[in-house]
Each structure stands twice: as structure tokens, then as C-alpha cells.
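Sequential numbering of the sequence shown, starting at 76, is according to the numbering used here. Everything on this sheet refers to the single structure shown next.
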Amino acid sequence: YFRAICVKGALYNKIYDCMLKRYPAQFYSIVPLTSRARRDFEIEGFHYHFVSTDLMREFEMQNTFIELASRNGNLYGLDIGGV
Numbered sequence: 076y077f078r079a080i081c082v083k084g085a086l087y088n089k090i091y092d093c094m095l096k097r098y099p100a101q102f103y104s105i106v107p108l109t110s111r112a113r114r115d116f117e118i119e120g121f122h123y124h125f126v127s128t129d130l131m132r133e134f135e136m137q138n139t140f141i142e143l144a145s146r147n148g149n150l151y152g153l154d155i156g157g158v
């Protein structure tokens with residue numbers, strides 16, 4: 076029996092990393108897209124896919140996002156291809 080879980084709070088990253096390492100066939104990470112600039116510590120394709128605002132808007136018009144949000148003038152989205 077397998078049951079999906081959603082973890083929030085302080086231990087999220089630790090539990091998430093452990094589950095990905097221990098059960099790679101059952102768990103995977105969806106990498107979101109963002110229109111904001113990459114921060115120094117962030118890795119393209121690991122933390123986010125960094126794309127232009129124009130490309131984000133194009134994907135929005137094509138209905139390829141499961142979720143799309145705007146924060147501080149930047150767009151963040153989960154595309155259906157990542158699922």
C-alpha cells in the first residue's frame with residue numbers, strides 16, 4: 076500500500092531529500108519555471124528553469140501551466156510537461 080504525503084514546515088527539506096534518495100522510483104521533483112534572475116547559489120534545472128517573461132507568457136497562452144503565479148513582478152509556474 077502506497078500513500079502520498081505532503082510535508083510542510085521546518086523539516087520539509089530534510090524529509091524531502093531523504094525520500095528522494097531512499098525511494099527514487101516513487102518520488103521525484105518537479106522543477107518550476109520562473110522569470111526572475113538566478114541567484115548565485117541556484118542551479119539551472121535543479122532549483123528552477125530560468126526563462127524570460129515573454130516565454131512564460133507564451134506558455135500561459137498555450138495553457139501549458141498547471142499553476143502560474145506572480146510575485147514581486149516575477150512569474151512562477153509549473154508546466155504540465157514536468158509532471
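Cβ atoms here follow ideal geometry from the backbone N, Cα and C, with glycine treated the same way. The structure presented is a predicted model; accordingly, all values stated were derived computationally and were not measured.
Exercise. Within 10 angstroms of the Cβ of residue 128, are there 16 or more other Cβ atoms? Answer buried if so, exposed if not.
Key: Taking the first residue of the sequence shown as 1, we reach residue 128 at position 53. Its Cβ having fewer than 16 others within 10 Å, residue 128 is exposed.
Quiz prompt | Whole-angstrom distance between residue 131 and residue 115, CA atom to CA atom | solution = Here the question's residue 115 lines up with position 40 in the sequence shown. Here the question's residue 131 lines up with position 56 in the sequence shown. Each residue's Cα considered, the two are about 22 Å apart.
Quiz prompt | Three-state secondary structure (DSSP) of residue 133 | solution = Along the sequence shown, one-based indexing puts residue 133 at 58. Three-state result, residue 133: helix.
Exercise. Determine the DSSP secondary structure at residue 87, reduced to helix, strand or coil.
Key: Stepping through the sequence shown from its first residue, residue 87 is reached at position 12. Reduced to three states, the DSSP call for residue 87 is helix.
Quiz item: Given that a residue counts as buried once 16 or more other Cβ atoms are within 10 Å of its Cβ, and exposed if not, what is residue 110?
Solution: Translated into positions along the sequence shown, residue 110 becomes position 35. Flag for residue 110 reads buried.
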